[in-house]
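Heads up, the thing below is written out as structure tokens.
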Amino acid sequence: MFSQSGTKRRLDGTADVPSEPAKRPTTDPPLTRNQTVYIHPSLVISPKTYSDTDKGPFIVHVSKVENDPSARTYLQAKKFGQFLFKNKIYNVIKDGVKKIGSNRVSVEFKSATEANNFLNNDILSNHKYTASIPTYNVTRMGLIKGIPIDWSMEELAESLEVPDGCGIVLKARRLNRKRVTDGQPFWVPTTAVVVTFKGQILPPRVFCYHTSLPVETYQLPTIQCMNCCRFGHVKAQCKSKPRCFRCSQPHPAESCDVPENKSTCIHCSGPHFALNKSCPEHSRQKSIKIIMSQDNVSYEEAASQFPSVRRSYADTSKIVTSQPSLLSQGQSLTPLPQKQSYRKTSVRPPLSHAPLSKGYDRQAHQNIINSCASSLPNGCALNQNPDPSIPSSRDILLDNLLSMLLDFLSSHSASLPHNVAQKLNQIPLAVNVRAVNSAVELSEHSTQET
Numbered sequence: 006m007f008s009q010s011g012t013k014r015r016l017d018g019t020a021d022v023p024s025e026p027a028k029r030p031t032t033d034p035p036l037t038r039n040q041t042v043y044i045h046p047s048l049v050i051s052p053k054t055y056s057d058t059d060k061g062p063f064i065v066h067v068s069k070v071e072n073d074p075s076a077r078t079y080l081q082a083k084k085f086g087q088f089l090f091k092n093k094i095y096n097v098i099k100d101g102v103k104k105i106g107s108n109r110v111s112v113e114f115k116s117a118t119e120a121n122n123f124l125n126n127d128i129l130s131n132h133k134y135t136a137s138i139p140t141y142n143v144t145r146m147g148l149i150k151g152i153p154i155d156w157s158m159e160e161l162a163e164s165l166e167v168p169d170g171c172g173i174v175l176k177a178r179r180l181n182r183k184r185v186t187d188g189q190p191f192w193v194p195t196t197a198v199v200v201t202f203k204g205q206i207l208p209p210r211v212f213c214y215h216t217s218l219p220v221e222t223y224q225l226p227t228i229q230c231m232n233c234c235r236f237g238h239v240k241a242q243c244k245s246k247p248r249c250f251r252c253s254q255p256h257p258a259e260s261c262d263v264p265e266n267k268s269t270c271i272h273c274s275g276p277h278f279a280l281n282k283s284c285p286e287h288s289r290q291k292s293i294k295i296i297m298s299q300d301n302v303s304y305e306e307a308a309s310q311f312p313s314v315r316r317s318y319a320d321t322s323k324i325v326t327s328q329p330s331l332l333s334q335g336q337s338l339t340p341l342p343q344k345q346s347y348r349k350t351s352v353r354p355p356l357s358h359a360p361l362s363k364g365y366d367r368q369a370h371q372n373i374i375n376s377c378a379s380s381l382p383n384g385c386a387l388n389q390n391p392d393p394s395i396p397s398s399r400d401i402l403l404d405n406l407l408s409m410l411l412d413f414l415s416s417h418s419a420s421l422p423h424n425v426a427q428k429l430n431q432i433p434l435a436v437n438v439r440a441v442n443s444a445v446e447l448s449e450h451s452t453q454e455t
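Numbering-wise (this note's numbering), the sequence shown opens with residue 6 and increments by one.
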């Protein structure tokens, strides 16, 4: 039943003075069946705080209140650290105050209680500061697939049961897919739903109407602005001046007709549009979003793991000078001065090799293993003196020794005993007989072999 004043305002539709829009009720509006977003009342009424089960680091972000959004406001970490010290805020770790933006600093406290108490401290409002806990420190985002399209997000959130030790569902949002028909884009709802859980633990699965639903880690999308070509926001939220994604000049891209083969990327200076997904900076931003989703960290912490692809002035100048320039007729190229190094050069003589030891002697080895020439069929072992008439060197030596002995005995025969002299006189006879016998045996042996 309508009130009288409300009915009158609707009936007076032809009045010149427009009616004042009705204020938004403080309670949640009624949800329809095609609702695509659900937000828990606690997420709107009270600010985000740390729970007793949350683990560190306990970080609070602080910003300065901007009276004029178009004016730049800067907040320095050293100045804010001095502000905390003067106001006797001592429960901050030693290196807990860090600058993370032009108008934002990060303050890390020793405990969750101290971080929660700092949010309601009166010194912040008295000095026009705002403090909040980053969402990635107290919530986790998961992706659930297979949710019927005719289900509302409120019905899904109320029917979900999370395992013990996991937080409640704070937000549920259905993903939509963009389609174009007859040149007109429109969005089609899908069966995938992004669910935000309270706490730092992402449940591996949830239960809905006695069924198990796996929960995947939600990968944050890579968003790029069509106005300034930067990442992290869209054109409707951009506060920067326009930058052409074709030629990288400070003008809107709609008024530029530079083709892609002659374009220059504002991020990597490559020959492609700044919106091209094959740009190295786009791949870097995508990797940063993956780390943010998996490790649940801030953008600054994830970006520090990937080096920037933006080229320095020195690198860009090398590319420009390496390309051939178009010269007019009669103009000659001026040779570039060669680079001269002023680094001291010390010349060292080459190291001498150690003396080599005597190696393999092929000739000496062949002399050892070669077989001796022999006229006998059995080899040269018995080929000492094949001709008995030719004396050997051994016989000549024995004859000389015997002659010397006989001369010595003949000169001293008077002083020798009779029996000794008799034995000595028999030596030449025995030697001659032995020599003859050896020659005869050798001759007979040779005859038998032949």
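Each residue gets a CB set at the ideal place from its N, CA and C atoms; glycine is no exception.
Collapsing the DSSP output to three states places Glu163 in a helix. The continuous beta strand (DSSP E) containing Ile149 extends over residues Thr144 to Ile149. Put simply, of Val199, Gly172 and Asn181 the residue whose alpha carbon is nearest the alpha carbon of Phe191 is Asn181. The beta carbon of Ile228 sits closer than 7 Å to those of Phe236, Gly237, His238 and Val239, all from its chain and outside the five residues before and after it, given in chain order. Taking C-beta atoms under 8 Å as the contact rule, Cys213 and Ser164 qualify, at a distance of about 5 Å. Cβ-Cβ distances below 6 Å link Ala307 to Ile293, Ile296 and Met297 in the same chain, with the five nearest sequence neighbours on each side left out; the list follows chain order. In the DSSP assignment, Tyr304 falls within the alpha helix (DSSP H) that extends over Tyr304 to Ala308. For Glu119, there is no enclosing beta strand (DSSP E); the residue is part of the alpha helix (DSSP H) that begins and ends at Ala117 to Leu124. Annotated as distal: Ser268 and His256, with beta-carbon spacing of 8 Å or more. For the set Ala177, Phe85, Val193 and Val97, the Cα lying nearest the Cα of Lys183 is the one of Val193.
Under the three-state reduction of DSSP, Thr140 is assigned to helix. Residue Glu71 holds the alpha-carbon nearest to the alpha-carbon of Thr135 among Ser303, Glu71, Ser313 and Ile154. A residue is called buried when at least 16 other Cβ atoms come within 10 angstroms of its Cβ; Lys244 does not meet this threshold and is exposed. Taking 8 Å as the upper bound for CB-CB distance, Lys115 and Ile98 are in contact here, some 6 Å apart. Gly147 sits away from Ile206, with the two beta carbons spaced by 8 Å or more. Non-local C-beta neighbours of Lys133 in its own chain, meaning closer than 6 Å and more than five positions away in sequence, comprise Val70, ordered along the chain.
The shortest C-alpha to C-alpha distance from Ser68 to any of Ser111, Arg251 and Gly61 is the one to Ser111. The C-alpha of Phe88 lies about 15 Å from the C-alpha of Tyr79.
Less than 8 Å divides the Cβ of Ile138 from the Cβ of Lys53.
When DSSP reads this structure, Phe191 sits in a beta bridge with Arg184. Under DSSP, Thr269 forms no beta bridge with any residue.
With a 10 Å radius around the Cβ and a threshold of 16 neighbouring Cβ atoms, Pro247 comes out buried. In the three-state reduction of the DSSP assignment, Arg248 falls in the coil class, being assigned neither a helical nor a strand state. Among the bridge pairs identified by DSSP, His66 is matched with Ser111 and Ser137. A buried status is given to Tyr223, since no fewer than 16 other beta-carbon atoms sit within 10 Å of its beta-carbon.
Excluding residues up to 5 positions away in sequence, nothing lies with its Cβ nearer than 7 Å to the Cβ of Arg367 in the same chain.
As DSSP reads the structure, Ala177 sits in a beta bridge with Tyr43 and Val200. Burial check for Asn125: the Cβ neighbour count within 10 Å stays below 16, so the residue is exposed.
As the crow flies, the alpha-carbon of Val174 is around 46 Å from that of Cys252.
C-alpha of Ala258 to C-alpha of Asn281: approximately 14 Å in a straight line. Secondary structure note for Pro285: its alpha helix (DSSP H) is the uninterrupted segment Pro285 to Asp300.
Setting aside the 5 residues that flank it on each side, Asn232 is surrounded in the same chain by Lys240, Cys243 and Pro247, each with a C-beta closer than 6 Å to its C-beta; the list follows chain order. Secondary structure at Asp412: helix, using DSSP grouped into helix, strand and coil. Here Lys60 is exposed, its C-beta having fewer than 16 other C-beta atoms within 10 Å. Looking at the DSSP output, Thr222 bridges to Gly147. The shortest C-alpha to C-alpha distance from Ile271 to any of Cys284, Ser260 and Val302 is the one to Cys284.
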